[in-house]
Amino acid sequence: MKLGLGTVQFGRDYGVSNATGQVADAEVRAILARAQAAGIAVLDTAAGYGAAETVLGRTATDWPDQSIVTKTCVLRDMGAGMDPARAVQETFAGSLKRLGRPSVYALMAHLADELLSSDGDAMWAAMASIKAGGGAQKIGASCYTPDEAQALLDRYPIEILQLPMNIFDQRMVASGMLDACYAKGVEVHVRSAFLQGLILMDPDALPDGFASAQASLRALRRAANEAGVSPLALALRFVLNQPAVARVIVGVTSVRELNEILAAADTECAVDFAALAVDQISLITPSMWPPDSDEAWAFRYEIAAHRSTIRAFG
0 MKLGLGTVQF GRDYGVSNAT GQVADAEVRA ILARAQAAGI AVLDTAAGYG
50 AAETVLGRTA TDWPDQSIVT KTCVLRDMGA GMDPARAVQE TFAGSLKRLG
100 RPSVYALMAH LADELLSSDG DAMWAAMASI KAGGGAQKIG ASCYTPDEAQ
150 ALLDRYPIEI LQLPMNIFDQ RMVASGMLDA CYAKGVEVHV RSAFLQGLIL
200 MDPDALPDGF ASAQASLRAL RRAANEAGVS PLALALRFVL NQPAVARVIV
250 GVTSVRELNE ILAAADTECA VDFAALAVDQ ISLITPSMWP PDSDEAWAFR
300 YEIAAHRSTI RAFG
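The numbers in numbering that gives the first Met the number 0 rise by one with no breaks, and the one at position 275 of the sequence shown is 274.
Quick look at the structure:
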(Lines of atoms letter the chains of each structure in order from A and count residues from 1; the text may use other names and numbers.)
(Lines give C-alpha, C1' and ligand atoms only; values in the text may rest on other atoms or scores of the structure.)
Protein backbone atom coordinates (compact mmCIF):
# COMPACT_ATOMS: atom_id res chain seq x y z
CA MET A 1 0.00 0.00 0.00
CA LYS A 2 1.66 3.19 -1.22
CA LEU A 3 -0.88 5.58 0.28
CA GLY A 4 0.02 7.54 3.40
CA LEU A 5 -2.34 9.69 5.43
CA GLY A 6 -1.71 13.41 5.82
CA THR A 7 -2.93 14.86 9.11
CA VAL A 8 -2.90 18.63 8.73
CA GLN A 9 -6.72 18.65 8.57
CA PHE A 10 -6.75 16.95 11.98
CA GLY A 11 -4.99 19.94 13.51
CA ARG A 12 -6.47 22.97 11.82
CA ASP A 13 -8.83 24.24 9.15
CA TYR A 14 -6.67 23.61 6.09
CA GLY A 15 -7.02 23.25 2.35
CA VAL A 16 -8.70 25.22 -0.39
CA SER A 17 -11.18 22.40 -0.88
CA ASN A 18 -11.84 21.83 2.81
CA ALA A 19 -15.48 22.77 3.35
CA THR A 20 -15.80 21.24 6.83
CA GLY A 21 -12.94 22.71 8.87
CA GLN A 22 -10.81 20.88 11.43
CA VAL A 23 -11.79 17.22 11.77
CA ALA A 24 -13.44 16.21 15.06
CA ASP A 25 -11.72 13.56 17.20
CA ALA A 26 -14.49 11.00 16.65
CA GLU A 27 -14.08 11.23 12.88
CA VAL A 28 -10.29 11.16 13.21
CA ARG A 29 -10.54 7.87 15.10
CA ALA A 30 -12.83 6.45 12.43
CA ILE A 31 -10.49 7.58 9.65
CA LEU A 32 -7.48 6.07 11.41
CA ALA A 33 -9.29 2.76 11.94
CA ARG A 34 -10.28 2.60 8.27
CA ALA A 35 -6.75 3.52 7.19
CA GLN A 36 -5.24 0.75 9.31
CA ALA A 37 -7.71 -1.78 7.98
CA ALA A 38 -6.75 -0.78 4.43
CA GLY A 39 -3.05 -1.26 5.09
CA ILE A 40 -2.00 2.39 5.21
CA ALA A 41 1.20 2.46 7.25
CA VAL A 42 2.29 6.12 7.35
CA LEU A 43 0.86 9.13 9.18
CA ASP A 44 2.42 12.38 8.02
CA THR A 45 2.31 15.25 10.50
CA ALA A 46 4.33 18.25 11.71
CA ALA A 47 4.85 20.52 14.66
CA GLY A 48 3.47 23.31 12.50
CA TYR A 49 0.14 21.61 11.74
CA GLY A 50 -1.78 23.26 14.54
CA ALA A 51 -2.99 20.63 17.02
CA ALA A 52 -2.36 17.67 14.67
CA GLU A 53 0.36 16.05 16.79
CA THR A 54 -1.73 16.45 19.94
CA VAL A 55 -4.76 14.94 18.20
CA LEU A 56 -2.69 11.98 17.02
CA GLY A 57 -1.36 11.58 20.54
CA ARG A 58 -4.85 10.85 21.81
CA THR A 59 -6.37 9.10 18.78
CA ALA A 60 -3.57 7.04 17.18
CA THR A 61 -2.50 5.16 20.30
CA ASP A 62 -2.51 1.77 18.54
CA TRP A 63 -0.35 2.93 15.62
CA PRO A 64 3.34 1.98 15.93
CA ASP A 65 6.05 4.60 16.29
CA GLN A 66 7.36 3.42 12.91
CA SER A 67 4.28 4.87 11.21
CA ILE A 68 4.87 8.52 12.16
CA VAL A 69 6.67 11.07 10.00
CA THR A 70 6.97 14.56 11.47
CA LYS A 71 8.84 17.75 10.66
CA THR A 72 11.06 20.31 12.31
CA CYS A 73 10.04 23.77 13.35
CA VAL A 74 10.15 26.61 10.84
CA LEU A 75 13.13 28.66 12.00
CA ARG A 76 11.72 31.94 10.76
CA ASP A 77 8.81 31.46 13.16
CA MET A 78 11.07 30.92 16.17
CA GLY A 79 12.18 34.53 16.58
CA ALA A 80 15.43 36.34 15.94
CA GLY A 81 18.51 34.99 17.67
CA MET A 82 17.17 31.46 18.22
CA ASP A 83 19.93 28.89 17.86
CA PRO A 84 18.89 26.60 14.97
CA ALA A 85 20.16 23.38 16.56
CA ARG A 86 18.42 24.16 19.84
CA ALA A 87 15.22 25.04 17.98
CA VAL A 88 15.23 21.71 16.14
CA GLN A 89 15.95 19.70 19.28
CA GLU A 90 13.41 21.47 21.48
CA THR A 91 10.69 21.35 18.85
CA PHE A 92 11.27 17.65 18.28
CA ALA A 93 11.12 16.97 22.02
CA GLY A 94 7.79 18.78 22.03
CA SER A 95 6.60 16.68 19.08
CA LEU A 96 7.39 13.44 20.91
CA LYS A 97 5.59 14.70 24.00
CA ARG A 98 2.49 15.69 22.02
CA LEU A 99 2.52 12.40 20.12
CA GLY A 100 3.05 10.44 23.33
CA ARG A 101 5.91 8.46 21.77
CA PRO A 102 9.59 7.81 22.44
CA SER A 103 10.46 7.91 18.72
CA VAL A 104 9.15 8.34 15.18
CA TYR A 105 9.93 6.78 11.83
CA ALA A 106 11.26 9.93 10.22
CA LEU A 107 12.05 13.57 10.89
CA MET A 108 12.13 16.02 7.98
CA ALA A 109 13.22 19.63 7.76
CA HIS A 110 9.92 21.42 7.16
CA LEU A 111 11.41 23.93 4.72
CA ALA A 112 14.24 22.86 2.46
CA ASP A 113 15.38 26.44 1.92
CA GLU A 114 16.22 26.68 5.64
CA LEU A 115 18.25 23.48 5.43
CA LEU A 116 20.05 24.99 2.45
CA SER A 117 20.71 28.27 4.26
CA SER A 118 23.60 29.25 6.51
CA ASP A 119 21.70 27.62 9.38
CA GLY A 120 21.43 24.35 7.50
CA ASP A 121 24.51 22.57 8.80
CA ALA A 122 23.50 23.23 12.40
CA MET A 123 19.97 22.01 11.68
CA TRP A 124 21.23 18.85 10.00
CA ALA A 125 23.66 18.15 12.86
CA ALA A 126 20.76 18.41 15.31
CA MET A 127 18.66 16.06 13.21
CA ALA A 128 21.56 13.60 12.92
CA SER A 129 21.95 13.72 16.70
CA ILE A 130 18.26 12.94 17.11
CA LYS A 131 18.64 9.95 14.80
CA ALA A 132 21.77 8.75 16.61
CA GLY A 133 19.89 8.91 19.88
CA GLY A 134 17.10 6.70 18.55
CA GLY A 135 14.52 9.45 18.15
CA ALA A 136 14.05 8.85 14.41
CA GLN A 137 15.00 6.07 12.02
CA LYS A 138 15.43 8.39 9.02
CA ILE A 139 16.07 12.09 8.49
CA GLY A 140 15.48 14.23 5.42
CA ALA A 141 13.50 17.18 4.15
CA SER A 142 10.41 18.50 2.43
CA CYS A 143 11.12 20.36 -0.81
CA TYR A 144 9.34 22.12 -3.67
CA THR A 145 11.36 21.95 -6.89
CA PRO A 146 13.79 19.58 -8.63
CA ASP A 147 16.61 22.11 -8.19
CA GLU A 148 15.93 22.30 -4.46
CA ALA A 149 15.83 18.51 -4.21
CA GLN A 150 19.12 18.21 -6.08
CA ALA A 151 20.77 20.80 -3.83
CA LEU A 152 19.69 18.79 -0.79
CA LEU A 153 21.08 15.56 -2.24
CA ASP A 154 24.35 17.29 -3.07
CA ARG A 155 24.77 18.78 0.42
CA TYR A 156 23.45 16.13 2.81
CA PRO A 157 23.08 12.34 3.10
CA ILE A 158 19.31 12.62 2.67
CA GLU A 159 17.42 9.45 3.59
CA ILE A 160 13.83 10.56 3.03
CA LEU A 161 12.45 13.31 0.81
CA GLN A 162 8.94 14.70 0.47
CA LEU A 163 8.15 16.49 -2.77
CA PRO A 164 5.17 17.76 -4.80
CA MET A 165 4.13 15.82 -7.87
CA ASN A 166 0.96 15.24 -9.84
CA ILE A 167 -0.27 14.50 -13.33
CA PHE A 168 0.05 18.19 -14.26
CA ASP A 169 3.32 18.81 -12.42
CA GLN A 170 5.65 16.13 -13.76
CA ARG A 171 8.89 18.05 -13.23
CA MET A 172 10.29 15.55 -10.75
CA VAL A 173 9.96 12.81 -13.38
CA ALA A 174 11.09 14.82 -16.42
CA SER A 175 14.13 16.24 -14.59
CA GLY A 176 15.34 12.79 -13.59
CA MET A 177 15.00 13.66 -9.90
CA LEU A 178 12.97 10.55 -9.10
CA ASP A 179 15.61 8.40 -10.76
CA ALA A 180 18.34 10.22 -8.80
CA CYS A 181 16.54 9.54 -5.53
CA TYR A 182 16.06 5.90 -6.43
CA ALA A 183 19.73 5.52 -7.31
CA LYS A 184 20.73 6.96 -3.95
CA GLY A 185 18.25 4.85 -2.00
CA VAL A 186 16.26 7.90 -0.88
CA GLU A 187 12.73 7.16 0.28
CA VAL A 188 10.35 9.45 -1.65
CA HIS A 189 7.01 10.65 -0.32
CA VAL A 190 4.76 12.58 -2.73
CA ARG A 191 2.35 15.32 -1.73
CA SER A 192 0.00 17.53 -3.80
CA ALA A 193 -1.14 14.58 -5.90
CA PHE A 194 -4.29 16.52 -6.84
CA LEU A 195 -2.73 19.99 -6.89
CA GLN A 196 -4.83 21.12 -3.90
CA GLY A 197 -8.00 20.00 -5.66
CA LEU A 198 -7.49 21.92 -8.91
CA ILE A 199 -7.06 18.71 -10.91
CA LEU A 200 -10.56 17.62 -9.85
CA MET A 201 -12.26 20.88 -10.82
CA ASP A 202 -14.86 21.31 -13.55
CA PRO A 203 -13.03 23.17 -16.36
CA ASP A 204 -16.19 25.18 -17.04
CA ALA A 205 -16.50 26.36 -13.42
CA LEU A 206 -13.17 28.11 -12.97
CA PRO A 207 -12.92 31.81 -12.06
CA ASP A 208 -11.16 34.11 -14.51
CA GLY A 209 -7.88 33.91 -12.62
CA PHE A 210 -7.62 30.22 -13.48
CA ALA A 211 -8.83 30.24 -17.06
CA SER A 212 -5.42 28.96 -18.19
CA ALA A 213 -6.25 25.63 -16.50
CA GLN A 214 -9.24 24.92 -18.72
CA ALA A 215 -7.41 23.27 -21.60
CA SER A 216 -5.41 21.01 -19.28
CA LEU A 217 -8.47 20.03 -17.27
CA ARG A 218 -10.42 19.22 -20.42
CA ALA A 219 -7.56 17.08 -21.72
CA LEU A 220 -7.45 15.24 -18.40
CA ARG A 221 -11.18 14.56 -18.52
CA ARG A 222 -11.00 13.33 -22.12
CA ALA A 223 -8.19 10.96 -21.18
CA ALA A 224 -10.14 9.71 -18.16
CA ASN A 225 -13.28 9.15 -20.26
CA GLU A 226 -11.33 7.27 -22.93
CA ALA A 227 -9.75 5.08 -20.25
CA GLY A 228 -13.11 4.52 -18.56
CA VAL A 229 -12.00 5.90 -15.20
CA SER A 230 -12.62 9.00 -13.11
CA PRO A 231 -10.27 12.01 -13.15
CA LEU A 232 -9.54 11.15 -9.52
CA ALA A 233 -8.45 7.61 -10.39
CA LEU A 234 -6.41 8.79 -13.36
CA ALA A 235 -4.55 11.43 -11.35
CA LEU A 236 -3.87 9.00 -8.52
CA ARG A 237 -2.66 6.27 -10.87
CA PHE A 238 0.02 8.59 -12.29
CA VAL A 239 1.77 9.01 -8.93
CA LEU A 240 1.19 5.45 -7.76
CA ASN A 241 2.76 4.10 -10.94
CA GLN A 242 6.12 5.75 -10.24
CA PRO A 243 8.52 2.99 -9.07
CA ALA A 244 10.66 5.45 -7.10
CA VAL A 245 7.70 6.70 -5.06
CA ALA A 246 7.36 4.95 -1.70
CA ARG A 247 4.31 6.85 -0.40
CA VAL A 248 1.63 9.15 -1.76
CA ILE A 249 0.37 11.36 1.06
CA VAL A 250 -3.30 12.32 0.90
CA GLY A 251 -5.47 14.18 3.39
CA VAL A 252 -9.13 13.54 4.13
CA THR A 253 -11.81 14.91 6.44
CA SER A 254 -14.07 11.85 6.56
CA VAL A 255 -14.16 8.08 6.18
CA ARG A 256 -16.27 8.57 3.06
CA GLU A 257 -13.51 10.57 1.42
CA LEU A 258 -10.92 7.96 2.40
CA ASN A 259 -13.07 5.20 0.92
CA GLU A 260 -13.26 7.10 -2.38
CA ILE A 261 -9.49 7.41 -2.48
CA LEU A 262 -8.99 3.74 -1.64
CA ALA A 263 -11.36 2.71 -4.43
CA ALA A 264 -9.57 5.01 -6.88
CA ALA A 265 -6.20 3.62 -5.83
CA ASP A 266 -7.32 0.15 -6.91
CA THR A 267 -8.27 1.36 -10.39
CA GLU A 268 -5.83 0.53 -13.17
CA CYS A 269 -5.65 2.36 -16.50
CA ALA A 270 -3.36 2.71 -19.51
CA VAL A 271 -2.85 6.36 -20.44
CA ASP A 272 -0.13 8.50 -22.00
CA PHE A 273 0.51 10.38 -18.76
CA ALA A 274 3.36 12.45 -20.21
CA ALA A 275 0.95 14.04 -22.68
CA LEU A 276 -0.99 15.54 -19.77
CA ALA A 277 1.99 17.36 -18.21
CA VAL A 278 1.67 21.15 -17.81
CA ASP A 279 4.66 23.41 -18.36
CA GLN A 280 3.04 26.61 -17.08
CA ILE A 281 4.82 27.17 -13.76
CA SER A 282 2.25 29.68 -12.50
CA LEU A 283 -0.46 27.04 -12.87
CA ILE A 284 1.32 24.12 -11.19
CA THR A 285 2.70 26.21 -8.31
CA PRO A 286 -0.02 27.08 -5.76
CA SER A 287 2.11 29.81 -4.18
CA MET A 288 1.83 31.67 -7.51
CA TRP A 289 -1.95 31.40 -7.76
CA PRO A 290 -4.07 34.58 -7.56
CA PRO A 291 -4.11 36.15 -4.08
CA ASP A 292 -7.16 36.27 -1.84
CA SER A 293 -9.27 38.35 -4.17
CA ASP A 294 -12.93 37.82 -4.92
CA GLU A 295 -11.93 35.42 -7.71
CA ALA A 296 -9.66 33.44 -5.42
CA TRP A 297 -12.44 33.08 -2.87
CA ALA A 298 -14.75 31.98 -5.68
CA PHE A 299 -12.15 29.39 -6.63
CA ARG A 300 -12.11 28.04 -3.09
CA TYR A 301 -15.89 27.89 -3.07
CA GLU A 302 -16.03 26.08 -6.41
CA ILE A 303 -13.56 23.44 -5.26
CA ALA A 304 -15.61 22.82 -2.13
CA ALA A 305 -18.87 22.77 -4.07
CA HIS A 306 -17.73 20.52 -6.90
CA ARG A 307 -15.44 18.21 -4.98
CA SER A 308 -14.54 18.16 -1.32
CA THR A 309 -12.97 14.74 -1.58
CA ILE A 310 -9.25 15.25 -1.96
CA ARG A 311 -6.72 17.56 -0.41
CA ALA A 312 -3.29 16.26 -1.06
CA PHE A 313 -0.87 17.36 1.94
CA GLY A 314 1.38 20.16 1.34
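Each residue gets a CB set at the ideal place from its N, CA and C atoms; glycine is no exception.
Task: Proximity below 7 Å, CB of Ala264 to CB of Leu2 - done: yes
Task: Of the listed residues Leu152, Leu74, Gly78, nearest to Ala121 (C-alpha basis) - done: Considering only Leu152, Leu74, Gly78, the residue with the shortest C-alpha distance to Ala121 is Leu74.
Open item on the list: Suppose you measure from the CA of His188 to the CA of Asp203; what does that come to, to the nearest Å?
Closed with: 32 Å
Open item on the list: According to DSSP, simplified to helix, strand and coil, what is Met171?
Closed with: helix
Open item on the list: Here's the rule I'm using: 16 or more other beta-carbon atoms within 10 Å means buried, otherwise exposed. How should Thr58 be labelled?
Closed with: buried
Open item on the list: On the CB-based measure, 16 or more other CB atoms within 10 Å of its CB, does Asp43 come out buried or exposed?
Closed with: buried
TODO: Would you mind stating whether Glu158 and Gly139 have Cβ atoms separated by less than 7 Å?
DONE: Their beta carbons are under 7 Å apart, which means Glu158 touches Gly139 by this criterion.
Task: Alpha-carbon spacing of Ala190 relative to Leu235, whole angstroms - done: Note on residue identity: the sequence assigns Arg, not Ala, to residue 190. Whole-angstrom Cα-Cα distance: 11 Å.
Task: Inter-residue Cα distance where the pair is Lys183 and Ala245 - done: In a straight line, the C-alpha of Lys183 is about 14 Å away from that of Ala245.
TODO: Determine the extent of the alpha helix (DSSP H) in which Ser281 is found, giving its start and end residues.
DONE: 280–283
- [ ] Would you list the one or two residues that DSSP bridges to Ala108?
- [x] Ala140
Open item on the list: When you compare the stretch 272–287 with the stretch 208–215, are there three or more beta-carbon pairs, one atom per stretch, that lie closer than 8 Å?
Closed with: yes
Open item on the list: For a minimum of 3 consecutive residues, which ranges assigned as the beta strand (DSSP E) are wholly contained in the stretch 65–136?
Closed with: Here the runs fully enclosed are 67–70, 103–108.
Open item on the list: With distance defined between alpha-carbon atoms, name the residue in Leu55, Leu115, Asn165, Phe272 nearest to Asp153.
Closed with: Leu115
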